[in-house]
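These protein sequences, in sequence, are chains A and B. Per the numbering used here, residue 1488 is the first one in the first sequence, and the count goes up by one each step. Per the numbering used here, residue 22 is the first one in the second sequence, and the count goes up by one each step. Built from N, CA and C at the ideal position, the CB exists for glycine as well. Please read the structure below before turning to the comments.
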Amino acid sequence: KAGVTQTPRYLIKTRGQQVTLSCSPISGHRSVSWYQQTPGQGLQFLFEYFSETQRNKGNFPGRFSGRQFSNSRSEMNVSTLELGDSALYLCASSFETGVSYEQYFGPGTRLTVT
Amino acid sequence: AQSVAQPEDQVNVAEGNPLTVKCTYSVSGNPYLFWYVQYPNRGLQFLLKYITGDNLVKGSYGFEAEFNKSQTSFHLKKPSALVSDSALYFCAVRGSNSGGYQKVTFGTGTKLQVIP
Chain A
1488 KAGVTQTPRY LIKTRGQQVT LSCSPISGHR SVSWYQQTPG QGLQFLFEYF SETQRNKGNF
1548 PGRFSGRQFS NSRSEMNVST LELGDSALYL CASSFETGVS YEQYFGPGTR LTVT
Chain B
22 AQSVAQPEDQ VNVAEGNPLT VKCTYSVSGN PYLFWYVQYP NRGLQFLLKY ITGDNLVKGS
82 YGFEAEFNKS QTSFHLKKPS ALVSDSALYF CAVRGSNSGG YQKVTFGTGT KLQVIP
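Take a look at the structure:
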């Protein structure tokens, strides 16, 4: 079974631009979560999507948005980029039954804002 | 609000010695607990989880963790450390939020350095 894939792996953008990152979950996983990882702030939860609906949201400004498609693939968008948005963006897909839960991460997208 | 504490930013251990990476948590209801490992410039790799059942959970690469409900802890252990175990380790907990859906909260991470 293929793992979680994220594209692109690396990205360099200029302050003020916008960016879209993509995540394809493990087959059969309907939930996708996004995290931002920086050296100073650690791993911060952005949002979670399940069946095309956002069901959890972290404490990030409205410049950060996401969506999920009917095939469970997800995208996140950051508008009006700031230098502080430079980070590793991680996507995770998860699967839950009544008695278990599993979550697996993709390799991440390294975003650099100059 | 749920939270995870990893009290040590870094743990140093000699190769061949046992290692412990500490984690305590706070959550409403019964916790789902996880350990992940991250190598440089990589995503997080799943190591093990506790959902229910035996308090001692065995995972990948010889790691295990012990769930202690009274101490609200879930320490990661390995009997004999390898240099290749050197990495960043994250503890995580899943509980309930006000909307009824459960999100995962991560600790700040502990850097494990295994010294040859």
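* Evaluate Tyr82 (chain B) with the Cβ neighbour count: other Cβ atoms within 10 Å of its Cβ, from every protein chain shown; 16 or more gives buried, anything less gives exposed. => Its Cβ having fewer than 16 others within 10 Å, Tyr82 (chain B) is exposed.
* Would Gln1688 (chain A) count as contacting chain B if we go by Cβ distances under 9 Å? -> Given a span of 1488 to 1601 for chain A in the structure shown, any question on residue 1688 (chain A) remains unanswerable.
* With 9 Å set as the bound, which would you pick, yes or no: does the beta-carbon of Leu1570 (chain A) sit closer than that to a beta-carbon of chain B? -> The Cβ of Leu1570 (chain A) sits no closer than 9 Å to any Cβ of chain B.
* To do: Note down the Cα distance separating Thr41 (chain B) from Glu1569 (chain A), rounded to an integer number of angstroms.
  => Computed Cα separation, rounded: 39 Å.
* **Boundaries (first-last residue) of the beta strand (DSSP E) holding Gly1529 (chain A)** => It spans 1529-1537 - the beta strand (DSSP E) in which Gly1529 (chain A) sits, taken as one unbroken run.
* Asked: So, does the CB of Glu1589 (chain A) fall closer than 9 Å to a CB anywhere in chain B?
  -> Chain B has a Cβ within less than 9 Å of the Cβ of Glu1589 (chain A).
* Three-state secondary structure (DSSP) at Gly1553 (chain A)? -> DSSP places Gly1553 (chain A) in strand when its eight states are reduced to three.
* Please report how far the alpha carbon of Trp1521 (chain A) lies from the alpha carbon of Val125 (chain B), in whole angstroms. => Rounded to the nearest angstrom, the two C-alpha atoms are 11 Å apart.
* Run through DSSP, which three-state label would Ser1518 (chain A) get? -> In this structure, Ser1518 (chain A) counts as strand in the three-state DSSP scheme.
* Asked: Near Ser119 (chain B), which residues of its chain fall below 6 Å by C-beta distance, leaving aside the five closest residues on each side in sequence?
  -> Low per-residue confidence applies at Ser119 (chain B): pLDDT is 49, beneath 50, and the placement is therefore not dependable, though the value from the model is reported in the following sentence. Hits under 6 Å: none found.
* Buried/exposed call for Val1586 (chain A), threshold 16 Cβ in 10 Å -> Burial call: exposed.
* To do: Return helix, strand or coil for Ser81 (chain B), following the three-state DSSP convention.
  => DSSP places Ser81 (chain B) in helix when its eight states are reduced to three.
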